[in-house]
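Heads up, the thing below is written out as structure tokens.
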Ligand code: PXL
């Protein structure tokens, strides 16, 4: 038996287990990579306030300490892929950017989580700008959803596959990263369409829509699956294709609860 590659997620905890570090670790396990996590924040939805986000950042020094432990334990040959999820504050973003710069990972997969409900709008804008300035330039692969694609591309509207492709191309040109821009349920039609763009390839990835309501954790799971497939040696395009299949299976077998949204089940592909 060979030993699995180690894959790091720098992400927040989402207590109900649908999104964030919990979704990432379950995805890593399902795809046979050894997952490790540096926690950036703790999100606890508030059932008494319309399931809004209660958000507590982890101290920057504690984030640095976690990353020190992880990167010292696992040398670059063993841990070459990092996935970055929710960061949440400008201070966290600067801390994480610094650590990622120091290590020179082979692949930096960025899920550019821009808006967290429950944050002050002003704080969210600072956070978005800091993410664009400090973390996006470090990314080798970025997975914006519809809203994030609008924000990162500067386009006014994205209603068609052609517009999603143009937006993905703009983000690729500005960042140099491979881009997987997700249409999700936002574009009209029967298919969930994502567009992959890198320097050589533009490819539209399609799967039948599973309902019309977004499922929580789909973005985290997709980006974590991209990271896992890259860690297993896939090319970025192969990782994008395989991750789309993995998340589609997880959406089909989603879990319902007393929370008002369903969540992806990362164990779906095994059954
Ligand atoms: O899906 C975005 C996301 C990422 N990370 C954490 C979250 C959420 C959304 O709720 O809570 C920790």
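In my numbering, the protein residues as written are 282 to 552. Each residue gets a CB set at the ideal place from its N, CA and C atoms; glycine is no exception. Computed from a predicted structure; not experimentally measured.
Taking only the alpha-carbon atoms, compute the straight-line gap between residue i and residue j and give it to the nearest angstrom.
{"i": "residue 420", "j": "residue 366", "result": "12 Å"}
{"i": "residue 332", "j": "residue 326", "result": "5 Å"}
{"i": "residue 296", "j": "residue 302", "result": "10 Å"}
{"i": "residue 377", "j": "residue 442", "result": "33 Å"}
{"i": "residue 451", "j": "residue 410", "result": "17 Å"}
{"i": "residue 348", "j": "residue 491", "result": "37 Å"}
{"i": "residue 360", "j": "residue 413", "result": "25 Å"}
{"i": "residue 511", "j": "residue 475", "result": "18 Å"}
{"i": "residue 362", "j": "residue 335", "result": "29 Å"}
{"i": "residue 470", "j": "residue 346", "result": "47 Å"}
{"i": "residue 388", "j": "residue 493", "result": "32 Å"}
{"i": "residue 405", "j": "residue 496", "result": "23 Å"}
Among the residues of its own chain, which have a CB less than 7 Å from the CB of residue i, if the five just before and after it don't count?
{"i": "residue 505", "result": "290, 304, 305, 308, 309, 364"}
Sort the options by Cα distance to residue i and report the nearest one.
{"i": "residue 330", "options": "549, 540, 548", "result": "540"}
{"i": "residue 386", "options": "499, 404, 287", "result": "287"}
{"i": "residue 542", "options": "522, 499, 484, 527", "result": "499"}
{"i": "residue 481", "options": "350, 470, 516", "result": "516"}
{"i": "residue 625", "options": "496, 521, 313", "result": "Nothing can be reported for residue 625: it is not among the residues displayed for the chain, which extend from 282 to 552."}
May I ask you to report which of helix, strand or coil DSSP gives residue i?
{"i": "residue 483", "result": "strand"}
{"i": "residue 424", "result": "coil"}
{"i": "residue 364", "result": "strand"}
{"i": "residue 434", "result": "helix"}
{"i": "residue 319", "result": "strand"}
{"i": "residue 442", "result": "helix"}
{"i": "residue 468", "result": "coil"}
Would you check whether the ligand PXL has a heavy atom nearer than 6 Å to the C-beta of residue i?
{"i": "residue 470", "result": "no"}
{"i": "residue 293", "result": "yes"}
{"i": "residue 300", "result": "yes"}
{"i": "residue 394", "result": "yes"}
{"i": "residue 316", "result": "no"}
{"i": "residue 436", "result": "no"}
{"i": "residue 324", "result": "yes"}
{"i": "residue 531", "result": "no"}
{"i": "residue 457", "result": "no"}
{"i": "residue 366", "result": "yes"}
Within its chain, find whatever has a CB closer than 6 Å to the CB of residue i; leave out the 5 residues flanking it on each side and keep chain order.
{"i": "residue 438", "result": "none"}
{"i": "residue 352", "result": "384"}
{"i": "residue 428", "result": "none"}
{"i": "residue 467", "result": "427"}
Leaving out the 5 sequence neighbours to the left and right, which residues in its chain are closer than 8 Å to residue i when beta-carbon positions are compared?
{"i": "residue 435", "result": "451"}
{"i": "residue 444", "result": "436, 438"}
Answer yes or no: the CB of residue i versus the heavy atoms of the ligand GTP, is any distance below 6 Å?
{"i": "residue 426", "result": "This structure lacks the ligand GTP; the ligands present are the ligand PXL."}
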